Amino acid sequence: MAQKALTELKITGMGCASCVGRVEEALRDVPGVETASVNFATKSAQVAIDGPVSALTKALDAAGYPAETSRVDLSIEGMNCASCVAKIERALTASPGVIEAQVNLATQTAAVTYAAGATTPEALAQVVTGTGYPARLQGASKPENREDAEIQSLTRTTILAAVLALPVFVLEMGGHMIPAFHHWVHATIGAQNSQLIQFALTSALLLEPGRVFYRKGIPSLLWGTPDMNALVALGTGAAYLYSVVATFAPGALPQGTANVYFEAAAVIVVLILLGRLMEARAKGKTGAAIRKLAGLQPKSARIEVDGRMEDRAIAEIAVGDILHIRPGERVPVDAEVLEGTSYVDESMITGEPIPVGKSAGATVVGGTVNGTGALRVRATRVGGDTVLAQVIRMVQQAQGAKLPIQGLVDRITYRFVPAVILVAMITVAAWLIFGPRPALPLALVAGVSVLIIACPCAMGLATPTSIMVGTGRAAELGVLFRKGDALQQLQQARVIALDKTGTLTLGRPELVSVLTANGFDRDEVVRLAAALEARSEHPIASAITRAGPATLPEATDVLSITGLGMQGLVEGRNVLIGSHRLMQQRGIDLGPLASEAEARAAEGATPLFVALDGQAAATLSVSDPVKPGTEEALERLHQMGLTVAMVTGDNARTAQALADRLGIDHVTAEVLPDGKVDAVTALRDQFGTLAFVGDGINDAPALATADIGIAIGTGTDVAIETADVVLMSGDLRGVANATEISRRTMRNIRQNLGWAFGYNVLLIPVAAGALYPFGGHLLSPALAAGAMALSSVFVVSNALRLRRVRASVPETPIPPAKEVHA
């Protein structure tokens with residue numbers, strides 16, 4: 000069965016967490032939808048569908064939660080007939096996220112309507128360019144940043160509501176707090192006029208700033224799917240209508256109950272709007288990591304066209320274009336260096352702080368910063384295929400993911416609002432039946448307080464906000480959680496299984512020791528040996544060559560002795576390099592070099608001998624060195640209470656020697672790639688939940704079998720499909736950092752859920768009047784509104800603390816391999 004495309008949509012109209020279930024239900028009813036996950040914190044949905052996106056947008060419109068759409072106009076070159084138009088329209092309509100595409104041959108343009116969040120204008124331009132018709136943005140009708148627009152709108156609305164509510168609050172509550180003010184109002188304005196002023200101002204407030212609660216809340220009540228807006232609409236509406244009756248028809252109410260509660264309705268709206276404003280400001284910070292990543296890509300690049308330089312928008316760059324990158328500029332796209340040398344700062348992608356040397360043949364990553372040299376490069380990946388685009392996509396998918404723990408929360412919030420309305424009705428009935436006289440005002444206050452204090456938003460925000468901040472902070476540290484549930488599973492891990500080559504070690508042999516004999520000079524021996532080994536392509540020969548100087552003498556009469564070594568003439572000297580057996584065959588006395596070689600072999604190294612003019616000169620030890628920071632990483636994992644195991648295809652002696660040196664708890668050696676799956680399964684059965692760390696290519700079966708697969712990335716190949724977590728740098732300390740972030744994020748989620756559920760469980764009974772028999776006081780609806788507003792702010796603010804998570808073990812860069820000098 001073909002895998003269905005994952006589409007992201009921005010959803011409008013979601014007022015509270017209880018809307019999540021209704022949006023998901025509407026999306027899942029669309030034919031072709033396999034999964035639908037809605038995130039209340041980001042107001043977005045991730046949908047796996049093999050049908051058109053337009054079907055999703057229609058379903059959302061019908062449900063009352065329309066998807067946010069945008070339009071972009073593209074200028075297209077090279078169209079000359081109707082078949083060109085049809086080809087481009089087909090390519091655009093088949094592109095994920097596109098709702099409608101109209102191509103105009105006469106004007107050489109295309110107008111594309113797409114679901115915001117599902118694609119970008121730049122990606123659409125790349126789609127058209129990929130059909131053979133170069134396209135550029137003519138003018139995208141991109142709205143201002145959604146978060147900024149929401150904050151500005153809420154700010155204006157809240158200020159207007161506060162201006163209208165302040166006189167109402169002063170007129171009504173001022174008299175209660177200051178008796179002299181009460182008498183002054185009665186003597187000057189009059190009680191009836193005071194109520195009329197409050198009525199006028201509160202009416203204006205509810206009709207304009209408070210309209211949002213009624214516009215969304217009342218339809219949700221009529222459809223039988225009440226949300227947070229319905230609670231506010233019911234609460235403020237009850238207080239307002241009761242006050243209207245008390246003002247204009249007081250005789251219709253029982254004697255002594257004709258009180259007005261205009262100030263309650265007004266202050267509730269102000270406080271809830273203020274809470275939403277504070278929540279929006281806080282939530283805006285949760286997406287800072289994505290905005291930071293998106294801001295890394297430059298807007299234009301210098302492209303070489305027919306021997307001249309031309310500035311072009313990034314969307315117009317195609318694979319194969321020749322680009323020029325000046326010192327200090329950001330690399331526009333992934334590319335291969337053709338000319339020039341420089342150092343490139345890749346810290347924003349890999350987390351490694353030291354710039355990496357680049358020369359002809361090297362690869363550069365879009366978004367990184369060029370150093371002091373000028374580079375001429377050929378574009379290899381553009382648009383959505385670049386490493387930076389893949390990283391952003393992974394982070395977005397992880398942030399929009401729904402953890403297993405969220406399923407229970409969604410089921411509760413889906414039924415929460417109807418349950419609160421039922422509790423409010425029971426509360427009113429109980430007060431009318433059992434309450435002291437006059438019972439009606441007390442019943443009204445208690446019922447409104449129950450409606451207002453309940454807060455499903457805090458429950459709905461508890462998990463997604465922590466995920467957003469946690470995964471964003473992880474990306475800044477070079478850790479990408481490709482799959483959202485890995486964030487929850489990793490903190491449950493009991494054993495970390497590690498591949499050896501390329502994970503614990505650098506994955507390339509290096510010359511690690513040289514011991515000379517018979518008075519020979521170390522540098523001379525290495526220089527002559529490197530010159531001879533430069534004629535071989537064997538990995539061990541390359542390691543010796545890299546250890547030599549940049550300029551090497553020429554070797555002649557070179558003879559390769561299969562399985563034993565090689566010999567040749569260098570600067571008139573007879574150089575022989577090879578194994579112990581080769582030296583025995585040639586009758587060369589190794590003396591103390593033999594015992595040194597045995598000691599190095601016991602440590603897992605490969606010893607070689609060098610003879611000059613028939614006399615033993617040195618023993619060279621070559622091994623795959625342990626990566627910098629590996630020992631600190633394993634020590635930190637042990638401190639976390641984790642068991643560390645190694646699974647490798649190397650021989651048991653070499654593997655055990657490395658394990659003893661690094662303090663690894665369990666070793667499984669001499670296994671083939673398929674055998675690693677059995678080894679992982681056995682370790683999981685023995686120790687519990689297991690995370691396997693490998694290079695993401697040779698270890699794919701083991702990564703897929705493990706509970707959590709952690710791939711060591713290279714900074715240029717992050718699309719490792721079998722891994723749950725990708726470490727952008729090759730530093731093993733990223734495993735400790737990933738585990739730390741997982742634990743801290745899940746702890747933060749538990750804190751948020753504890754607060755959200757505890758808040759509602761404790762304060763709804765208080766609002767209903769549970770404390771009245773003990774003190775004779777009821778919770779004011781205005782205080783209930785303040786508490787409700789602050790509950791969501793608390794949850795988001797607590798999640799933002801994850802932005803301050805520091806690396807569990809700071810990473811250091813892995814030194815680049817020296818060039819092989821032939």
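According to my numbering, the residues represented by the sequence shown are 0 to 821, in order.
Even glycine gets a Cβ: it sits at the ideal position worked out from N, Cα and C.
Bear in mind the structure is a predicted one, so any value in this text is a computation, not a measurement.
Residue from L770, H637, N650 with nearest C-alpha to V734: To locate residue 734, count along the sequence shown from 1; it is residue 735. If we check each option's Cα against that of V734, H637 comes out closest.
Cβ-Cβ distance between V679 and A701 below 9 Å: As a working note, residue 679 is residue 680 in the sequence shown. As a working note, residue 701 is residue 702 in the sequence shown. Going by C-beta atoms, V679 is nearer than 9 Å to A701.
Rounded distance between the beta-carbons of V336 and S358, thought under 8 Å: The sequence position of residue 358 within the sequence shown is 359, counting from 1. The sequence position of residue 336 within the sequence shown is 337, counting from 1. With a Cβ gap of about 6 Å, S358 and V336 count as contacting.
Residue range of the beta strand (DSSP E) that includes I420: Looking up residue 420 in the sequence shown gives position 421. No beta strand (DSSP E) holds I420; the alpha helix (DSSP H) holding it covers 403-433.
Cβ pair G12, G63 closer than 9 Å: If you number the sequence shown from 1, residue 12 lands on position 13. If you number the sequence shown from 1, residue 63 lands on position 64. Yes, they are a contact pair.
Proximal residues to P606 (C-beta, below 6 Å), its chain only, five neighbours per side dropped: As a position in the sequence shown, residue 606 is number 607, starting the count at 1. The residues are A596, R599, A600, T618, S620.
First and last residue of the uninterrupted alpha helix (DSSP H) at L592: Taking the sequence shown and counting its residues from 1, one reaches residue 592 at position 593. Per DSSP, L592 belongs to the alpha helix (DSSP H) from 592-601.
Which listed residue (V449, G562, P591, G306) has its alpha carbon closest to that of A785: Working through the sequence shown from its first residue, we reach residue 785 at position 786. It should be pointed out that residue 785 corresponds to Gly in this sequence rather than to Ala. Taking only the C-alpha atoms, the option nearest G785 is V449.
Whole-number beta carbon distance between L136 and A314, since they are thought to touch under 8 Å: Within the sequence shown, numbered from 1, the residue matching residue 314 stands at position 315. Within the sequence shown, numbered from 1, the residue matching residue 136 stands at position 137. Going by Cβ atoms, the distance from A314 to L136 rounds to 6 Å, so yes, they are a contact pair.
Exposure label - H579; buried when at least 16 CB within 10 Å: Position 580 of the sequence shown holds residue 579. The residue in question, H579, is buried, as its Cβ has 16 or more Cβ neighbours within 10 Å.
Residue of V259, V513, D520, S559 minimising C-alpha distance to L531: As a position in the sequence shown, residue 531 is number 532, starting the count at 1. Residue S559 is the option with its Cα nearest to L531.
Three or more C-beta pairs below 8 Å linking the segment 414-426 and the segment 499-514: no
Exposure of F433, with buried meaning 16 or more beta-carbon neighbours within 10 Å: Position 434 of the sequence shown, counted from the start, is the residue given in the question as residue 433. By the neighbour-count rule (16 or more Cβ atoms within 10 Å), F433 is not buried but exposed.
Close-in-space but distant-in-sequence residues of the same chain around L441 (CB under 6 Å, 5 per side omitted): The residue you call residue 441 lines up with position 442 of the sequence shown. W430, G434.
Limits of the unbroken beta strand (DSSP E) element including V71: For this step, residue 71 is matched to residue 72 along the sequence shown. Unbroken beta strand (DSSP E) run through V71: 68-75.
Unbroken stretches of the beta strand (DSSP E), 3 residues or longer, contained in the segment 330-401: 333-338, 341-344, 355-357, 374-380
Reduced DSSP secondary structure (H/G/I, E/B, other) of T119: Your numbering for residue 119 matches position 120 in the sequence shown. Coil, per DSSP.
Option in D384, F261, E634, G274 with minimal Cα separation from A317: Along the sequence shown, read from residue 1 onward, the residue named residue 317 stands at position 318. Nearest of D384, F261, E634, G274 to A317, Cα basis: D384.
G577 to A705 span [Cα, whole Å]: Numbered from its first residue, the sequence shown carries residue 577 at position 578. Numbered from its first residue, the sequence shown carries residue 705 at position 706. Cα-Cα distance, rounded: 41 Å.
3 or more residues per run - each beta strand (DSSP E) lying fully within the segment 633-678: 642-646, 665-667
A54 versus V29, P225, K86, residue with shortest Cα-Cα distance: By one-based count along the sequence shown, residue 54 stands at place 55. Among V29, P225, K86, the Cα nearest to that of A54 is on V29.
Reduced DSSP category for Q750 - H, G, I as helix; E, B as strand; rest coil: Residue 750 sits at position 751 when you count from the first residue of the sequence shown. Q750 falls in the helix class under three-state DSSP.
Contact set for S219: own chain, Cβ-Cβ below 7 Å, skip 5 residues either direction: Start at 1 with the first residue of the sequence shown, and residue 219 comes out as number 220. Result list for S219: P225, D226, N228, A229, in chain order.
Residue environment, D730, which counts as buried when at least 16 other CB atoms sit within 10 Å: Residue 730 sits at position 731 when you count from the first residue of the sequence shown. D730 should be labelled buried.
Euclidean distance between Cα positions of D305 and G319: On the sequence shown, position 306 is the one that residue 305 refers to. On the sequence shown, position 320 is the one that residue 319 refers to. Cα to Cα, D305 sits roughly 14 Å from G319.
Neighbourhood of K9 by C-beta, 6 Å cutoff - its chain only, sequence neighbours within 5 removed: Taking the first residue of the sequence shown as position 1, residue 9 is located at position 10. S43, E67, A115, G116, listed in sequence order.
Closest residue to P65 among K215, T647, L170, E76 (Cα-Cα distance): Taking the first residue of the sequence shown as position 1, residue 65 is located at position 66. P65 has its Cα closest to that of K215, out of K215, T647, L170, E76.
L195 versus G446 - alpha carbon distance: Position 196 of the sequence shown, counting from 1, holds the residue named residue 195. Position 447 of the sequence shown, counting from 1, holds the residue named residue 446. Going from the Cα of L195 to the Cα of G446 covers about 25 Å.
One or two residues paired with V621 in a DSSP bridge: Counting from one through the sequence shown, the residue named residue 621 turns up at place 622. The partner list for V621 (beta bridge, DSSP) reads L510, T605.
Collapsed DSSP secondary structure at A139 in the structure displayed: On the sequence shown, position 140 is the one that residue 139 refers to. Its pLDDT being 44, under 50, A139 is placed unreliably in this model, and the value from its coordinates should be taken loosely. In this structure, A139 counts as strand in the three-state DSSP scheme.
Distance between beta carbons of A496 and L657, contact taken as under 8 Å: Here the question's residue 657 lines up with position 658 in the sequence shown. Here the question's residue 496 lines up with position 497 in the sequence shown. About 15 Å; that fails the 8 Å criterion.
Local Cβ density within 10 Å of E669, reported as buried at 16 or more and exposed below that: The count along the sequence shown starts at 1 and reaches residue 669 at position 670. Exposed.
Alpha-carbon spacing of T811 relative to G628, whole angstroms: Counting from one through the sequence shown, the residue named residue 811 turns up at place 812. Counting from one through the sequence shown, the residue named residue 628 turns up at place 629. Model confidence at T811 stands at a pLDDT of 47, short of 50, so the residue's coordinates are unreliable; what they give is reported in the following sentence. Taking the straight line joining both Cα atoms gives about 7 Å.
Identity of the residue in G234, Q254, L770 nearest F212 by Cα: As a first step, residue 212 must be located in the sequence shown, where it is residue number 213. Ranking the options by Cα distance to F212, first place goes to G234.
Supposed close pair V19, G459 - CB separation, criterion 8 Å: Translated into positions along the sequence shown, residue 19 becomes position 20. Translated into positions along the sequence shown, residue 459 becomes position 460. Yes, they are in contact, since the Cβ atoms of V19 and G459 sit about 6 Å apart, within 8 Å.
Ranges of the alpha helix (DSSP H) found wholly within the segment 157-215, counting only runs of at least 4: 178-187, 190-206
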